[in-house]
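Taking it in order: structure first as structure tokens, then the write-up.
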Amino acid sequence: AQSVTQLDSHVSVSEGTPVLLRCNYSSSYSPSLFWYVQHPNKGLQLLLKYTSAATLVKGINGFEAEFKKSETSFHLTKPSAHMSDAAEYFCVVSDSGGFKTIFGAGTRLFVKA
Amino acid sequence: DGGITQSPKYLFRKEGQNVTLSCEQNLNHDAMYWYRQDPGQGLRLIYYSQIVNDFQKGDIAEGYSVSREKKESFPLTVTSAQKNPTAFYLCASSVIGTGAETQYFGPGTRLLVL
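Following this line, the structure appears as structure tokens:
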């Protein structure tokens, strides 16, 4: 069975400092992994996705994530936070066919000036 | 502009009333989905559809119904049987393939009970 755990419900960083949002997953198959971002009262937008190609995945707005099979992790990072990064971030795992898609509970990122 | 639209943005439901949330996409996607989002929780799948006139229950289908009469439209009805309907409802669509397909989300509808 699939599952996804976002290890922090809230993360607070100062503007210009690195961001780390942690995600662990479990899957019986070779999963596809995604990070989505949601700004308040908006829909979700794809940041990046892993599909068994390169383990380091680069996304939009300077975000990237590294797939580590041995650690079953897919942590999201950004070298320097911007105020506009304040939002909720969801880690998502999907098996083949796309209809077994599990969303993590979300991590809310706060960025302090 | 291609995308997904949801209406209304806010919807109020009275006790015992059925309400319908609209979802339209012009991305020519075969698959469409309805999710429910509650505070502090991830998205939970209500229903999904892979093709016109066919749909499948997700994890929390009780108290909800859907139809898929047209490829671009996937309305969700919240029935009176849904005892706790207050939530943020998100519609999404995608192509059908191997599982790595990006889901494209609408802006959401917030349903509140009077």
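Each protein sequence line maps, in turn, to chains A and B. Residue 85 in our numbering is what sits at position 85 of the first sequence, and the numbering runs on without skipping anything. Residue 127 in our numbering is what sits at position 14 of the second sequence, and the numbering runs on without skipping anything. Even for Gly, the Cβ is constructed at its ideal location relative to N, Cα and C. Computed from a prediction, not measured in an experiment: that's the story for all the values here.
Chain-order list of residues whose beta-carbon lies under 8 Å from that of residue i (same chain, five-residue window excluded)
i	result
Gln163 (chain B)	Asp143, Ala144, Gln169 and Ile209
Asp198 (chain A)	Given that chain A is displayed from residue 1 to residue 113, the structure contains no residue 198 (chain A) and the question cannot be resolved.
Arg181 (chain B)	Met145, Ser162, Ile164, Val165, Asn166, Asp167, Phe168 and Phe187
Ala1 (chain A)	Ser26 and Ser28
Contacts around residue i, its chain only, beta-carbon distance under 6 Å, and the 5 residues preceding and following it disregarded
i	result
Ser120 (chain B)	Ser135
Leu56 (chain A)	Glu66
Ile102 (chain A)	Gln2, Val4 and Val93
Glu137 (chain B)	Thr118, Glu185 and Ser186
Residue i, buried or exposed, once every other Cβ within 10 Å from all chains shown has been counted against 16
i	result
Thr17 (chain A)	exposed
Ser32 (chain A)	buried
Phe115 (chain A)	Nothing about residue 115 (chain A) can be read from this structure; chain A reaches only from 1 to 113.
Pro198 (chain B)	buried
Gln130 (chain B)	exposed
Gln38 (chain A)	buried
Ala81 (chain A)	buried
Ile159 (chain B)	buried
Asp85 (chain A)	buried
Thr118 (chain B)	exposed
Ile60 (chain A)	exposed
Ala87 (chain A)	buried
Glu214 (chain B)	buried
Gln150 (chain B)	buried
Lys69 (chain A)	exposed
Tyr123 (chain B)	exposed
Ala205 (chain B)	buried
Chain A contact residues for residue i, given Cβ-Cβ distances below 8 Å
i	result
Gln154 (chain B)	Ala105 and Gly106
Leu203 (chain B)	Gly43 and Leu44
Distance between beta carbons of residue j and residue i, contact taken as under 8 Å
i	j	result
Tyr89 (chain A)	Gly62 (chain A)	Tyr89 (chain A) to Gly62 (chain A), Cβ: 14 Å. No contact.
Arg126 (chain B)	Leu227 (chain B)	7 Å
Neighbour list for residue i in chain A, Cβ cutoff strictly below 7 Å
i	result
Pro220 (chain B)	Lys42 and Gly43
Per DSSP, the bridge partner or partners of residue i
i	result
Glu15 (chain A)	The partner list for Glu15 (chain A) (beta bridge, DSSP) is empty, contrary to what the question assumes.
Leu124 (chain B)	B:Leu224
Asp167 (chain B)	B:Ile164
His75 (chain A)	A:Glu66
Glu137 (chain B)	B:Thr118 and B:Ser186
Proximal chain B residues relative to residue i, where beta-carbon distance stays under 7 Å
i	result
Thr51 (chain A)	Ala213
Ser3 (chain A)	Under the 7 Å cutoff, chain B gives no residues; its nearest Cβ is about 11 Å from Ser3 (chain A).
Ser84 (chain A)	Simply none; closest approach about 18 Å.
Proximal residues of chain B, C-beta to C-beta of residue i below 8 Å
i	result
Phe90 (chain A)	Gly155 and Leu156
Ser26 (chain A)	Correct list: empty, because the minimum Cβ distance to chain B is about 15 Å.
Within-8 Å CB hit, residue i to chain C
i	result
Ser32 (chain A)	Of the protein chains in the structure, A and B, none is chain C.
Chain-order list of residues whose beta-carbon lies under 7 Å from that of residue i (same chain, five-residue window excluded)
i	result
Gly221 (chain B)	Gln119, Phe201, Tyr202 and Leu203
Leu46 (chain A)	Phe34 and Tyr36
Asp172 (chain B)	Arg157 and Leu158
Contacts of residue i in chain B (Cβ-Cβ under 9 Å)
i	result
Ser9 (chain A)	Gly153
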